[in-house]
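Residue numbering for the sequence shown follows the UniProt record's numbering, beginning at 1 and increasing consecutively.
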Amino acid sequence: GGGGGGGDIGAYAYDGGGQPGKAEAELTKKLMAVRRELPGGDKKVSACYPEKGARDIAKKLPASELQLSRCDGIGEQKARKFHATILPLIRAFCEAHDEMRIRWAERVEQARVEDAAAAARAEAEAKAKADVAV
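Written out as structure tokens, the structure reads:
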């Protein structure tokens with residue numbers, strides 16, 4: 001039955017019962033630790049993102065700035081500011097953990113589709129503005 005991308009549920013780090021898997025918990029710890037390296041993190045790490053945000057990032061595995069901006073406690077400004085540190089950390093972690101690879105690959109593909117759609121929208125808006133200006 002129903003929906004979604006299918007696949008073997010065993011490939012996911014999330015156990016479906018509301019508890020993060022071992023790899024997801026490990027990634028959350030890494031995301032908590034890396035906050036000190038982020039711009040402003042030397043002053044107040046929780047200003048970068050709270051623990052809840054780190055857990056959401058580890059659960060959602062963002063593969064793009066847009067996906068990162070949708071995580072709890074992030075938003076567009078923080079995603080723009082922190083993506084260059086956070087996204088490579090997530091990528092390296094997922095590539096090193098077999099149980100995270102499939103989910104990560106799905107997020108990368110989703111990011112590719114979203115980025116293409118955003119570029120098409122921006123192009124259409126620019127064309128519409130140019131047509132109005134004529």
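Note that CB positions come from ideal geometry on N, CA and C, so glycine has one too.
Because the structure is a prediction, the values reported are computed rather than measured.
> By DSSP, does Glu119 sit in helix, in strand, or in coil?
Replying inline: The question names Glu, yet the displayed sequence has Ala at residue 119. Here Ala119 sits in helix by DSSP.
> Does the beta-carbon of Glu125 have 16 or more other beta-carbons within 10 angstroms, so that it is buried, or is it exposed?
Replying inline: exposed
> Since Cys71 contacts Pro62 with CB under 8 Å, what's their CB separation in whole angstroms?
Replying inline: 6 Å
> Excluding five sequence neighbours on each side, which residues of the same chain lie with their C-beta closer than 6 Å to the C-beta of Phe93?
Replying inline: Leu27
> Do you know how far the Cα of Ala130 is from the Cα of Gly2?
Replying inline: With a pLDDT of only 40 at Gly2, under 50, the local geometry of the prediction cannot be trusted, and the value read off the model is given with reservation. Cα to Cα, Gly2 sits roughly 44 Å from Ala130.
> Mind checking whether Ser69 and Ala111 have CB atoms under 9 Å apart?
Replying inline: no
> Measuring CB to CB, does Gly73 end up less than 9 Å from Lys52?
Replying inline: yes
> Between Arg55, Gly21, Lys22, which lies nearest to Leu31 when the distance is taken from Cα to Cα?
Replying inline: Arg55
> Cα-Cα, which of Leu66, Ala23, Pro88 is closest to Ala118?
Replying inline: Leu66
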